[in-house]
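S.K.: Residue numbers (this note's numbering): 778 to 913.
Ideal placement from N, C-alpha and C gives every residue a C-beta, glycine not left out.
1. I'd like to know whether the C-beta atoms of residue 813 and residue 848 end up nearer to each other than 7 Å.
2. Drop a sphere of 10 angstroms on the beta-carbon of residue 785, count the other beta-carbons inside from all chains shown, and report buried for 16 or more, exposed for fewer.
3. State the beta-bridge partners of residue 897 as determined by DSSP.
4. Do you know offhand how far residue 781's Cα is from residue 864's?
5. On the three-state DSSP scale, how would you describe residue 798?
6. Could you work out which residue in 882, 818 and 811 is closest to residue 854 when comparing CA atoms only?
7. Exposed or buried, which one is residue 878 when buried takes at least 16 other CB atoms within 10 Å?
8. CA-CA distance, residue 860 and residue 806?
9. Between the Cα of residue 895 and those of 886, 884 and 800, spot the shortest distance and give me the residue it belongs to.
10. Using the rule of at least 16 other Cβ atoms within 10 Å of the residue's Cβ for burial, across every protein chain shown, is residue 819 buried or exposed?
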């Protein structure tokens, strides 16, 4: 028997799950449109984002410059989407999103897995941290 606490609160989060799914739907749409401003719209000013290649961005402006360059110069012919595998709510205003991001291009198929942290601020979900790892 263990007395370890659980981080996940089992409250009803149906509305929050829908809103979080919408955030990732917006990211997918922005990727298709190669629109970095739209893609980065839901990241906080002080976001910390680690890309698949291990590069860490410490704020929104750094991340936006990276996404702008990637989406404008390297996204043609790539199809990608997010598969949310699990969402944990350690608090009602914090969500840990475990996801998979498959991608298909002329070069073949690959995938990333990620752990993203979202915070609910003023009633909206914002991405405040993300770690992505290439797995295939």
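M.R.: On the basis of the data shown:
1. Taking the first residue of the chain shown as 1, we reach residue 813 at position 36. Taking the first residue of the chain shown as 1, we reach residue 848 at position 71. Yes. Within cutoff.
2. On the chain shown, position 8 is the one that residue 785 refers to. Exposed: under 16 other Cβ atoms inside 10 Å.
3. For the purposes of this step, residue 897 is taken as the residue at position 120 of the chain shown. Bridge partners of residue 897: 902.
4. Sequence index remark: in the chain shown, residue 781 carries index 4 (1-based). Sequence index remark: in the chain shown, residue 864 carries index 87 (1-based). Approximately 20 Å, taken between the alpha carbons.
5. As a first step, residue 798 must be located in the chain shown, where it is residue number 21. Looking at residue 798 - three-state DSSP - the assignment turns out to be helix.
6. Position 77 of the chain shown holds residue 854. Ranking 882, 818 and 811 by Cα distance to residue 854 puts 882 first.
7. Here residue 878 is taken as the residue at index 101 of the chain shown, counted from 1. Residue 878 comes out buried.
8. Locating residue 860 in the chain shown gives position 83, counting from the first residue. Locating residue 806 in the chain shown gives position 29, counting from the first residue. Cα to Cα, the separation comes out at about 14 Å.
9. For this step, residue 895 is matched to residue 118 along the chain shown. Considering only alpha carbons, the answer is 800.
10. As a position in the chain shown, residue 819 is number 42, starting the count at 1. Counting Cβ neighbours within 10 Å, residue 819 comes out buried, since at least 16 surround it.
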